[in-house]
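Report on one structure; see the data block that follows.
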Amino acid sequence: MGKDSTSYRKILLDESELPTQWYNIIPDLSSPPPPPLHPVSHQPVGPDDLSPLFPKALIEQEVSTERYTDIPAEVLDVYKIWRPTPLFRARGLEKALDTPAKIFYKYEGVSPAGSHKPNTAVPQAYYNYLEGIKKLTTETGAGQWGSSLAFACNQYGIECEVWQVRSSYDQKPHRRTMIELWGGTVHPSPSDKTACGRGILEKDPNTPGSLGIAVSEAIEASVQDPNAKYALGSVLNHVLLHQTIIGEEALKQLKKVGETPDVLVGCTGGGSNFAGLSFPFLREKLAGRSDAVIRCVEPTACPSLTKGEYRYDFGDIAGMTPLMKMHTLGHTFIPNPIHSGGLRYHAMSPLVSHIVELGLAEAEAIGQIECFEAGRLFAKTEGIIPAPEPLHAIAAAIREAKRAKETGKETVILTALCGHGHCDLSSYDKYLSGALVDEDYSAEKVTEAMKSVPRID
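What follows is the structure, given as structure tokens:
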């Protein structure tokens, strides 16, 4: 596509242009993120501490100091089912907003599972397959990760068992069906299948659940099965690494039309979608080739970056994970059951948290009514119904486009539309009927949850 083309709606890459390496941002930072600590000794964890949960290759990627990792040919072959994904110019949205801004969105909803999650599910399943693992356990919020892992496990003949947060299990039955169609098993979390789940149900039989609870259940099931390992859909370094294929493709696509973003916005729950888009652009910024503002956007009901404390905490409610330094609301915090189930996590990725602490990215929180208003406008002008999670980034992009209208600046805005909302129509129905309400976070609940967070000097 030529630089002078002015009528394009999408920018495509050929399969031959598919990136062949994932990018690790850590070597380019002024300081590395603080190490994860053993939950009992509080000493830095080593490979032996992680081996009950993950295969050797993923542990090596988790602690890697190499800038790039080659993507295995077998993984690239599966990626080609849907990758490279399109980069769209949101001309319909721009026209509706009457803005001089140029809005671009990288659309990950074309994957088999309808989101960005297969970008890491496929390599995780592949590396476990190479080590002879027969089963993977995991948690899922909205079901995007659980369905993606079920799809990936099916590629390699691995059993998949999923614990889905109760509120999303009830709200989004179609993703349960997707998991089962690909051969997976799914339980509502908390469940009666684990000691952790039974303990929580005994205290509160009507709990909506949380990702922290589901993580605990999946880990408990994994460590009790010698043929199983655990897979995580966000937060950890190797997950963020795999997602950078999003930003690497977007760089190539913007280059085709001679554009560089002035502002990059991404929704953040655990951080993988945001990191996948932003880290390659952060590399360009650190090298002096870009001056983009990079912004995380999170829900007001679960504002770990904007309201949480930056300190060591567990990744799950039972305290089974290593302690990680991250922005947290407390590992026992259970967010209100908003419709962006994939963003209902008590903490942020340690690497994303570290980047925010270094001043390389900023953060804001947006309520769900404004987000669904943005989603309705986006659907009417662009034709795609977004999942509730990326509505936060779309709402932020609209805010930015309106500022561009006020200033008259031709701001170039980039975001990632990380999934479609075809399994989330009940949430849109509540919005259209006026039943949707803005859920704020409870400062009292956070204060109580933070009491259980260990103090690490």
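Per this note's numbering, the sequence shown starts with residue 614, numbered consecutively. All C-beta atoms, glycine included, are put in the ideal place defined by N, C-alpha and C.
Rounded C-alpha distance that separates residue i from residue j
i	j	result
Trp695	Gln866	16 Å
Asn767	Tyr782	21 Å
Ile982	Ser1040	11 Å
Arg908	Leu877	6 Å
Lys747	Tyr769	10 Å
Arg788	Gln757	7 Å
Gly1047	Cys1031	26 Å
Gly759	Val1025	34 Å
Thr807	Ala827	10 Å
Asp641	Thr678	10 Å
Gly797	Pro725	15 Å
Ala1072	Lys898	Any property of residue 1072 remains undetermined from this structure, which presents the chain solely from 614 to 1070.
Glu862	Lys938	30 Å
His729	Ile1069	34 Å
Lys816	Gly810	10 Å
Glu721	Asp1037	16 Å
Gly705	Asp875	20 Å
Gly972	Leu794	44 Å
Phe985	Ala709	16 Å
Pro665	Ala686	27 Å
Ser643	His1035	42 Å
Gly1021	Ser620	21 Å
Gly883	Ser847	5 Å
His851	Thr682	10 Å
Asp617	Val658	No answer about Asp617 holds up, because its pLDDT of 44 lies below 50 and its placement is not dependable.
Ile684	Glu1057	45 Å
Glu752	Lys868	37 Å
Thr934	Pro648	13 Å
Thr790	Ser761	12 Å
Segment limits, beta strand (DSSP E) that includes residue i
i	result
Leu936	936 to 941
Thr1081	Here the chain comprises residues numbered 614 to 1070, so residue 1081 is not present and cannot be evaluated.
Ser802	798 to 802
Val1059	Where Val1059 is concerned, there is no enclosing beta strand (DSSP E), although the alpha helix (DSSP H) it sits in stretches over 1056 to 1063.
Cys773	772 to 778
Tyr681	681 to 683
Trp635	634 to 636
Glu977	975 to 979
Val906	906 to 912
Gly759	No beta strand (DSSP E) holds Gly759; the alpha helix (DSSP H) holding it covers 757 to 769.
Ala1029	1025 to 1030
Exposure label - residue i; buried when at least 16 CB within 10 Å
i	result
His655	exposed
Gly996	exposed
Gln567	The question about residue 567 has no answer here: the residues shown for the chain are numbered 614 through 1070.
Leu625	exposed
Gly615	Any reading at Gly615 must be qualified, since the residue scores a pLDDT of 46, below 50, and its modelled position is unreliable; the value itself is stated next. Classification for Gly615: exposed.
Gln784	buried
Asn741	buried
Ala944	It is worth fixing the name first, because residue 944 is His in this sequence and not Ala. Per the 10 Å Cβ criterion, buried.
Asn637	buried
Lys1064	exposed
Val688	buried
His800	buried
Arg680	exposed
Ser629	exposed
Range of the contiguous alpha helix (DSSP H) that encloses residue i
i	result
Gln856	850 to 856
Lys816	808 to 816
Gly825	824 to 836
Lys715	Unbroken run through Lys715 is the beta strand (DSSP E), 715 to 720; no alpha helix (DSSP H).
Tyr692	686 to 692
Tyr1044	1038 to 1045
Sub-7 Å separation of residue i and residue j beta-carbons
i	j	result
Gly860	Phe892	yes
Ala831	Trp776	yes
Ala841	Thr750	yes
Ala905	Phe887	no
Ala978	Glu911	yes
Pro948	Ala914	yes
His940	Tyr923	yes
His967	Phe946	no
Glu744	Pro668	yes
Ala992	Ile998	yes
Val778	Ser804	no
Ala931	Ser835	no
Gly812	His1033	no
Leu942	Val1059	yes
Leu853	Ser885	yes
Pro963	Pro646	yes
Thr712	Lys1018	yes
Ile858	Pro632	yes
Gln856	Gly889	yes
Beta carbon proximity, residue i to chain D, threshold 7 Å
i	result
Pro1001	Among the chains in the structure shown there is no chain D, since it carries only a single protein chain.
Taking three-plus beta-carbon pairs below 8 Å as touching, is the region 703 to 722 in contact with the region 1006 to 1015?
yes
Spell out a yes or no on whether the region 821 to 831 and the region 724 to 739 are touching, meaning 3 or more CB-CB pairs, one atom from each, closer than 8 Å.
no
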